[in-house]
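Data block below; observations after.
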Amino acid sequence: MGTRELGIALAACMYIAYIAFVGKIVMRLLTLRNTSPPFDGGTVSEITPMTVLKAMGDIFFFSRLFRVNPRLWFGEFFFHFTFSLVLLRHLKYVMDPVPVWVSALQTPGLCAGYLLPLSLLFIVITKLGIERKEYVSSYNFSLLGLLFLISATGLLIKTVIRLDLVSIKHFMLSVFRFAPGVPSDNGVFVLHYLMAMILLACLPTHTFAAPFSVMEARKREERLSLLMHEK
Amino acid sequence: MKSKNSFTQCLSPHQLIELDACTQCGECLRYCPVQEVTGNPSISPPEKIRMFREFIKATSGLRASLFGPRDIDRKLLEDFVKAVYECTACGACGQHCTVGIFTQRLWPMLRREMVRRGLGPLGPQANLSKIIAKTGNPYDKPADERFSPWFPESVRVSEKADIGYYAGCTSAYEAQPMVKGDVVVLGAAKEPFTMLPPEEEVCCGFPLFITGQHDMLEDLTKRLVNAYEARGVKVLICSCPCCVNIMARDWPIFYGQELPFKIRHISQFAADALQKGRLTIKGELNERLIYHDPCYLSRGVGIIEEPRMILRSIPGVHLLEFERHGLDSRCCGAGGAARKVFHENAIAIGRLTIDEAVEKKADRLVINCPACYAKMHEAMQGHDKQIRITDIMELLGSLAGGGTS
């Protein structure tokens, strides 16, 4: 076991990561004050439940990406799906008691944990190896690398190192109760934890903005035919 | 309290969210005409967005709020200005954007911010306001040459009518067979229509809007809308996609309320007249035609089927399609007012369309936009591939006659 000082340091990292995460969102909201009234010319029409339903499909199934690049869609959808399952699986470390639905997700979440690094590799191979993209975002690839390392260390903890998960849960709950306990001092666990905090602090803004943008795109596309045509 | 230094002044909240939404996936590069001819990713859509995000961060980010705004690297700013003005604003990137960013609208607003900072527009674009204020058009041409060189004597214009016709500056000065075809078709349909006198038919505002110069837009819009309203117009018809786009999308904003008339494209009028028998086609045309969708007509206002319906109604015509057509159409190179500043790009982009039309063994390339018309003709000069280029109304006008009903 590690020391209380390590626990305080890891807890501080989490608080800083959350502050950075929330601060980023707050700053974005504050920046909205400096914008102009909407200048999105075009006929305003009522939004039907069908439009909302289609937009939800666009958001959750990445249908716009599918239309443009089905191969990349496969990798991205696979990644987001497995990553979501892994995240949900991790809720058991911060919830007490553990809800039934979180318990039910443990096995699918574990399977997703094995597939997650494969999906990341698939994306990288598609972009760099198969499609040889001329435009590559270094930020995106840094995030992919970080995610790969997080998922790889997570798998190591689960399969090779086999840490005492009960003590990890106690530590996580203590952090959320602002009374940090003593964490495991296993290097792989500390690395996994710190990298997850870095990811939280550096979470790309498109994670929150893209669903709004996709929703607006669906509404705009449905309105297009009404601009110059009778209903 | 709004910060004057902020780079978000000209953006709507939705556009600010769109900037954040870009995932930098780079999928749009495959559809960008400027990328096709320059192969320069540093002026690509995601790169423009990345640079603009840097500007926002430097002036409105957390650090800027706590310790004051940072100076922006001059080189980065210059690179951005070049990138945003080199763009043809065709909107193909937005059409294929994996998160649905409305780039056909976003780029002009980013240009507007550059104008606000005195960094844009570029080259001849900078004189547009003065020229339009002086002559009423962006070509510095006298008003008395607006209609007289091409207007057919046989066509009558009413003083007042339900239908108004706006020729548009590019059409009237640079694509005269096109506007001649428009009025021939209007005349053949025997539908009374009115026009403004040449000195009153001023610029619709699109060249100013697309280059980010908004100061005169309200005045131009109100002058035109009030003049057409005074002539009893219920439907205003125009053939220029850029004019139609700003009329349908933005005139209500500059006018301050809903327009007192509808905006329709000439191909809508012609397709309707053909369907209802007010217009008939005399003779046939045994040719393979290929139709080029103008960006601001297809992606801009959703006019895709009507031009095809017109062409299919001509006996003998075999209609071909470009690989990219309809909402996915490729820019002709003339868009975004970039053709006067980045001439070589425009010519190279135009030749991509010409080459594909020739490869598909089309006899004729049918155009539906004065900017496309002028640029495609220019692109053909000195090019090894040649094809006959005709405007859709020029073609219809040569074949049309009045109906019986």
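Each protein sequence line maps, in turn, to chains A and B. When the letters of the first sequence are read in order and numbered with numbering that gives the first Met the number 0, they come out as residues 0 to 230. When the letters of the second sequence are read in order and numbered with numbering that gives the first Met the number 0, they come out as residues 0 to 404. Heads up, the beta-carbon is just placed ideally off N, CA and C, and yes, glycines get one too. Owing to the predicted nature of the structure, the values given are computational and were not obtained by experimental measurement.
### Message
Which residue marks the beginning of the beta strand (DSSP E) containing V405(B), and which one marks its end?
### Response
In the structure as shown, chain B begins at 0 and stops at 404. Residue 405(B) is therefore absent and cannot be evaluated.
### Message
For G163(B), report the span of its beta strand (DSSP E) as first-last.
### Response
I162 to Y165
### Query
Nearest to G6(A) by alpha carbon, out of F211(A), K218(A), M171(A) and M55(A)?
M171(A)
### Query
Where does the unbroken alpha helix (DSSP H) through D354(B) begin, and where does it stop?
H342 to E358
### Message
Give me, in chain order, the residues of the same chain whose beta-carbon lies closer than 6 Å to that of A160(B); leave out the 5 immediate sequence neighbours on both sides.
### Response
P191, F192 and T193
### Query
Under 8 Å between C-beta atoms, does K132(A) make it to chain B?
yes
### Message
Does Y419(B) pass the burial test, meaning 16 or more other C-beta atoms within 10 Å, or should it be called exposed?
### Response
One cannot answer for residue 419(B) here, as it falls past the ends of chain B, which runs 0 to 404.
### Query
With a Cβ-Cβ cutoff of 8 Å, do R52(B) and L105(B) count as a contact?
no
### Message
Counting only Cβ pairs nearer than 8 Å, list the residues of chain A close to S43(B).
### Response
Y134
### Span separating the alpha-carbon of C242(B) from that of G204(B)
8 Å
### Where the beta strand (DSSP E) containing T134(B) begins and where it ends
Taken as a continuous stretch (DSSP letters only), T134(B) belongs to no beta strand (DSSP E), being part of the alpha helix (DSSP H) at L127 to T134.
### Query
In angstroms, rounded to a whole number, what distance separates the CA positions of A132(B) and F54(B)?
33 Å
### Task
Note down the Cα distance separating M214(A) from M379(B), rounded to an integer number of angstroms.
42 Å
### Secondary structure of V99(A), DSSP reduced to three states
helix
#### Entry: Reduced DSSP category for S404(B) - H, G, I as helix; E, B as strand; rest coil
With a pLDDT of 41 at S404(B), under the threshold of 50, the modelled position of this residue cannot be trusted, and the question is left open.
### Query
Between the region 373-392 of chain B and chain A, which residues of the former have CB atoms less than 8 Å from a CB of the latter, in chain order?
none
### Message
Nearest by alpha-carbon distance to G67(B): which of Q94(B), S59(B) and R323(B) is it?
### Response
S59(B)
### Query
Looking only at its own chain, which residues have a Cβ that is under 7 Å from the Cβ of I309(B), when we skip the five neighbours before and after it?
S266, A269, A270, L273, I391 and L395
#### Entry: Residues bridged to Y290(B) (per DSSP)
V365(B)
### Task
Kindly list, in the order they appear in chain B, the residues whose Cβ is closer than 8 Å to that of G22(A).
L61
### Query
Measuring CB to CB, does Q34(B) end up less than 8 Å from S136(A)?
no
### Task
Show which residues of chain B have a CB atom less than 9 Å away from the CB atom of V174(A).
Result: empty, since nearest Cβ-Cβ is about 24 Å, beyond 9 Å.
### Query
Does N185(A) come within less than 8 Å of chain B when only Cβ atoms are used?
no
#### Entry: Boundaries of the beta strand (DSSP E) in which L10(B) is found, first to last residue
Here L10(B) belongs to no beta strand (DSSP E), and DSSP marks it neither H nor E.
### Query
Is it buried or exposed for S5(B), if we count other Cβ within 10 angstroms and need 16 for buried?
buried
### S62(A) beta carbon less than 8 Å from that of L115(A)
no
### Task
Could you spell out the range, first to last residue, of the beta strand (DSSP E) harbouring I55(B)?
Careful: I55(B) lies outside any beta strand (DSSP E), inside the alpha helix (DSSP H) at P44 to S59.
### Query
Comparing alpha-carbon positions, which option in F60(A), L199(A), M94(A) and T47(A) lies nearest A209(A)?
F60(A)
### Query
Can you tell me whether E173(B) is buried or exposed, with buried defined as 16 or more other CB within 10 angstroms of its CB?
buried
### Task
For my contact list, R307(B) and L318(B) are in at a C-beta cut-off of 8 Å; report their separation, rounded to the angstrom.
7 Å
### Message
Run through chain B and tell me which residues come within less than 7 Å of A208(A), C-beta to C-beta.
### Response
I16, D19 and A20
### Task
Starting from the Cα of L76(B), find the closest Cα among E85(B), L118(B), T102(B) and Q103(B) and give me that residue.
L118(B)
### Query
Just curious, the beta strand (DSSP E) that I388(B) is in, first and last residue?
R387 to D390
### Query
R222(A) lies in the alpha helix (DSSP H); which residues open and close that run?
H205 to L226
### Message
Would T7(B) pass as an interface residue toward chain A - the criterion being a Cβ-Cβ separation below 8 Å?
### Response
yes
### Message
If we define contact as Cβ-Cβ less than 8 Å, is F147(A) a contact residue for chain B?
### Response
no
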